[in-house]
Structures are given as C-alpha cells and as structure tokens.
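In the numbering used here, the protein residues as written are 5 to 221.
Don't be surprised by glycine CBs; every beta carbon is placed ideally from N, CA and C.
Being a predicted model, the structure only gives us computed values, none of them experimental.
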Amino acid sequence: MYHILIVEDEYKIARFVALELEHEGYRTTVISDGRQALDAALNEDFDLIVLDVMLPSLNGIEVLRRLRQVKDTPVIILTARDQIVDKVAGLDIGANDYMTKPFAIEELLARIRANLKKKTFLHEIGKLKIDENSHIASYDGNELDLTKKEFDLLVYLIKNRNKVISREQALDAVWGYDFIGNTNVVDVYIRYLRSKIDDVYGIKLIETVRGFGYVIR
Ligand code: CA
Numbered sequence: 005m006y007h008i009l010i011v012e013d014e015y016k017i018a019r020f021v022a023l024e025l026e027h028e029g030y031r032t033t034v035i036s037d038g039r040q041a042l043d044a045a046l047n048e049d050f051d052l053i054v055l056d057v058m059l060p061s062l063n064g065i066e067v068l069r070r071l072r073q074v075k076d077t078p079v080i081i082l083t084a085r086d087q088i089v090d091k092v093a094g095l096d097i098g099a100n101d102y103m104t105k106p107f108a109i110e111e112l113l114a115r116i117r118a119n120l121k122k123k124t125f126l127h128e129i130g131k132l133k134i135d136e137n138s139h140i141a142s143y144d145g146n147e148l149d150l151t152k153k154e155f156d157l158l159v160y161l162i163k164n165r166n167k168v169i170s171r172e173q174a175l176d177a178v179w180g181y182d183f184i185g186n187t188n189v190v191d192v193y194i195r196y197l198r199s200k201i202d203d204v205y206g207i208k209l210i211e212t213v214r215g216f217g218y219v220i221r
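Laid out in structure tokens, this is it:
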C-alpha cells in the first residue's frame, strides 16, 4: 500500500485530501509543520509527498530543498494562485509536479497516480540511476553497459533493497520458474555486475550475506 505524506497547515484541506486518498486506498500521514514534515520525510520512506508551500517553522520550498540533498521521494507542491515564484522555485529545486490552490481533488489524485507510476520505473541509489522504461542504468552519469539479465538482476535487487535475496529468489524472479540449471548462475551474474560497477567505480554496491544471498543497501 502506498504511503503518502500530506504537509498542509490548513486543517480543512489536509483532512479533505487525507480522506480522499484513504478512500482511494492509500495510507496517509498528515503533518502541519514544515520542520516536523522534513524530519518525517527524512526518517520514513514515503512513496510520495504532497507539500504546501506556506507552512509554519519552515516553508515548503526549504523543506523540499533540504529533502532533495538526501532523497528523491516524489513531491507535488501546492501553491496559492499568486505564488508563481514559489512554483518556479519548487520545480527548480526538484519538485516533480505542482498544483495551484484551489484545486480539484480529481486532478490531484490523477497527478499522484501519474507520479507514483513514474516512480516505480525509476530507481536511484546514491549515484546509481536506473530507468526501467528505457532500460538505461548509469553510475555517476556514465551509462553502464549491462546485458538484459544483468539489468534485470540489478533491478530486482534494487526493488528489494535492504532485504537479503536468496539465490533461489533471484533465480525465480529473473530467470523464471522453468529455468533449468542451478543457482550458481546467480553468483556468476553477481560477479558480472560487480566487475562492471563495483570494480570500475571502487564501491561496494552488492553485499554478500554468507549462507543467505545478496543485498543492496
Ligand atoms: Ca499553508
């Protein structure tokens, strides 16, 4: 279930948006203060953030600017009709979308859906970027030359980040249940990925967990 953070100090708007989102099957958290919202956004993994600009303690633009130094959670900013400058500033510092108040809830829902959809195909861990739609993986801006299987294995590990993946799980997910052969193929492909990423860029992307499998953190 997608978890959405709504940052809005106008109680009526926050409540209304939360109810509508819950009705659509999302989990919501509402925070009315900028500083608290930033803390929550940094400490928890929200799937998307709806961020008002005019907020107590820290404005939305500043929340977004500080969040973007660390995380790429999709953000839709909410601006009042006369805050064109905020809209531009928001997009400049990495907002994914914006809505002008007052807005139709259907439009906000549509933008949330669109941004969540985009998010599922774009992955970013540090300097590693993966676009599942265009099948492009890059590290620090340099495109990685991966085969289809290497790419799929990397995506699978990244989608399950922080979870140790066994060789059997990787084999089922990437090669399919009807694959005839043994799980050593996973080790071989992990070696290929390490030779193309870890060895070249001097990092330790894929960790081996002895007796269990592999994990990307
Ligand atoms: Ca406000």
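Under 8 Å between C-beta atoms of Y171 and G217: In the sequence on display, residue 171 carries Arg and not Tyr. Using a Cβ distance threshold of 8 Å, R171 and G217 count as a contacting pair.
Near ligand 1: E14 beta-carbon under 7 Å from a heavy atom: yes
DSSP beta-bridge partners of E211: Its beta-bridge partners are V219.
Cβ-heavy atom distance, D37 to ligand 1, below 7 Å: no
Check: D56 C-beta below 7 Å from any heavy atom of ligand 1: yes
Limits of the alpha helix (DSSP H) - the one that D43 falls within: Annotation: the continuous alpha helix (DSSP H) that includes D43 extends over 38-47.
Unbroken stretches of the beta strand (DSSP E), 3 residues or longer, contained in the stretch 103-147: 126-129, 132-135, 140-143
L82 to V92 span [Cα, whole Å]: 12 Å
Buried/exposed call for R115, threshold 16 Cβ in 10 Å: Burial call: buried.
Neighbourhood of S142 by C-beta, 7 Å cutoff - its chain only, sequence neighbours within 5 removed: K133, L148
Near ligand 1: L59 beta-carbon under 7 Å from a heavy atom: Checking the Cβ of L59 against ligand 1 gives yes.
Coil, strand or helix - R165 by DSSP: coil
Neighbour-count burial assignment, E154, 16 or more Cβ in a 10 Å radius: Classification for E154: buried.
Under 8 Å between C-beta atoms of D90 and V57: yes
Host alpha helix (DSSP H) of L95 (start-end): Unbroken alpha helix (DSSP H) run through L95: 88-96.
Same chain, Cβ closer than 8 Å to L68, five either side skipped, listed in chain order: L55, V79, I81, G94, I97, G98, A99
Nearest-angstrom Cα separation, counted from F50 out to K121: 14 Å
Proximal residues to D76 (C-beta, below 7 Å), its chain only, five neighbours per side dropped: E128
Cβ neighbours of Q87 in the same chain (closer than 7 Å, five flanking residues each side left out): V57
Through-space distance from K131 to I17, alpha-carbon basis: Here the alpha carbon of I17 sits roughly 37 Å from the alpha carbon of K131.
Beta-carbon proximity check, L175 vs T187, cutoff 8 Å: yes
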